[in-house]
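Participant: Pasting a structure below so you can have a look.
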Amino acid sequence: MKIPSFLAAAALALTLALPAHAYPDRPITIVVPFSAGAGTDLTARLLARTMEKHAGRSVVVVNRAGAGGEIGMASVANAAPDGYTLSILNTPNVLTIPIERRAQFSLSSFDVIANIVDDPGTLSVRGDSPLRGIQELVDAARKAPGTLTYGTAGVGSAGHISMLLLEQAAGIRLRHVPFKGTADVATALLGGHIDIATANLGEALGFSKGKQWRILGQMASSRSPMATDLPTFAEAGYPIESGSLRGLGAPRGTPPETLRALSALVDKAINDPDFRQAARGAEQNVRYLPRDDYALLLTGMQGQFEKLWAASPWNQ
């Protein structure tokens, strides 16, 4: 039976008058591309809790570890671009994995939302080490190239990349000892099995509590509020900024109106006093960068890592 034209017109008008579903209208998932319990996982859970408060919807954190973060980030890169499946994006991994191998994602696979935390790299020694500062470490490495050992959480990890940058900047050569994680690095340093430990600042501060552990410096543009007495590498003459930025990304192609709503939600969460207080208590250094600023920073870092790879391929 043919529907009368006036009824069809009325139905169309009613459809156009209905408001679109406001984002979010169902639960959001944040994928952490690493195991539960580490710094990235904590960042995600603190953010999810505060996003829930402002969204009125549940925000679920799911850990999908493996392949240095590739499995988790690739799962989001290939998800439906609807704003309901997001990923924590870690540097250097989100940038270095596609440089070193044919990965299942690249930076262009994501619509970035915001940076949340900046956890700069650090170098630490045992409390009884004769090395008391960055320049002393550099001088020792120059006197005996390739003899000082440093531990990292693995080939291509943030610590490994940080040390390659220092070697390049200072013209030194050190000996890399990769481990499965920073907890193993800490155990090796305290046991006297390596000379230097690499760790992000939040981890190093935790490791140093009540132990024979000395942090030599932080790889940040300025001294972190969490460690105002700890000098930067730039203060020693080596302007290196490295470590782990932790931001949020959605699959490329997410609708602009969804991205705007998602960005507004994340802005509310990151600027919420409860989130800021919880982050400080967890030694998470908040560095909020909105979409455009975050994208610009990542693009600049990508160029830096491409140059580093050309000079010092980190998986060889």
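Going letter by letter, the sequence shown gives residues -22 to -1, 1 to 294 in mature numbering (1 follows the signal peptide of the UniProt record, and there is no 0).
Don't be surprised by glycine CBs; every beta carbon is placed ideally from N, CA and C.
Note that the structure is predicted; figures quoted are calculated from it, not measured.
(1) Candidates Y62, A33 and R23: which alpha carbon is nearest P229's?
(2) Could you tell me which uninterrupted alpha helix (DSSP H) segments, each at least 4 residues in length, are contained entirely in the segment 158 to 184, listed from first to last along the chain?
(3) Decide if P203 is buried, meaning its Cβ has at least 16 other Cβ atoms within 10 Å, or exposed.
(4) Just to check my reading of the structure: A136 and P76 have Cβ atoms closer than 8 Å, yes? What is that Cβ distance to the nearest angstrom?
(5) Can you list, in chain order, the residues of its chain whose CB lies under 8 Å from that of E284, leaving out five sequence neighbours each side?
(6) Pick out whichever of A33, D106, A26 and S36 has its Cα sitting closest to the Cα of R192.
(7) For Y104 versus G124, is the C-beta distance shorter than 8 Å?
(8) Taking the runs of the alpha helix (DSSP H) that are 4 residues or longer, which of them lie wholly in the segment 101 to 149?
(9) Thinking C-beta only, is Q190 closer than 8 Å to L168?
(10) What separation, rounded to the nearest whole angstrom, lies between the Cα atoms of A256 and W292?
(11) In terms of residues, what are the limits of the beta strand (DSSP E) holding W191?
(12) Is the segment 13 to 33 touching the segment 48 to 56 in the sense that three or more CB pairs, one from each, lie closer than 8 Å?
(13) Going by the CB atoms, is the gap between N56 and Y272 shorter than 8 Å?
(14) Return helix, strand or coil for P(-4), following the three-state DSSP convention.
(15) Return the first residue and the last residue of the alpha helix (DSSP H) that A260 is part of.
(16) Would you identify the three-state DSSP class for D270, choosing helix, strand or coil?
(17) Measuring straight from C-alpha to C-alpha, what distance separates S241 and H138?
(18) Can you tell me whether Q294 is buried or exposed? The criterion is at least 16 other CB atoms within 10 Å of its CB, across all chains shown.
(19) Excluding the five sequence neighbours on either side, which residues of its own chain have a C-beta within less than 8 Å of the C-beta of G170, listed in chain order?
(20) Taking the alpha carbon of I8 as the point to measure from, which residue in T18, A(-1) and Y1 has its own alpha carbon closest?
(21) With distances taken from CA atoms, which of A164, R4, Q82 and D250 is nearest G184?
(22) Taking 7 Å as the cut-off, is the beta-carbon of A45 closer than that to any non-hydrogen atom of the ligand PLP?
(23) Based on DSSP bridge pairs, tell me the residues matched to I8.
(24) Looking at C-alpha atoms only, which residue of Y266, A289 and T100 is the closest neighbour of I112?
Facilitator: This is what the structure gives:
(1) Y62
(2) 160 to 168
(3) exposed
(4) Rounded, the Cβ-Cβ distance is 16 Å, inconsistent with contact.
(5) I77
(6) D106
(7) In the sequence as displayed, the identity of residue 104 is Arg instead of Tyr. Taking 8 Å as the Cβ cut-off, R104 and G124 do not qualify as a contacting pair.
(8) 112 to 121 and 136 to 148
(9) yes
(10) 35 Å
(11) W191 to M197
(12) no
(13) no
(14) Confidence at P(-4) is low in this model, with a pLDDT of 47, below 50, so the placement of that residue is unreliable and no value is reported for it.
(15) Note, A260: premise wrong, no alpha helix (DSSP H); not H, not E.
(16) helix
(17) 32 Å
(18) exposed
(19) R104
(20) T18
(21) A164
(22) Ligands in the displayed structure: none, and consequently the ligand PLP is not present.
(23) V39 and L64
(24) T100
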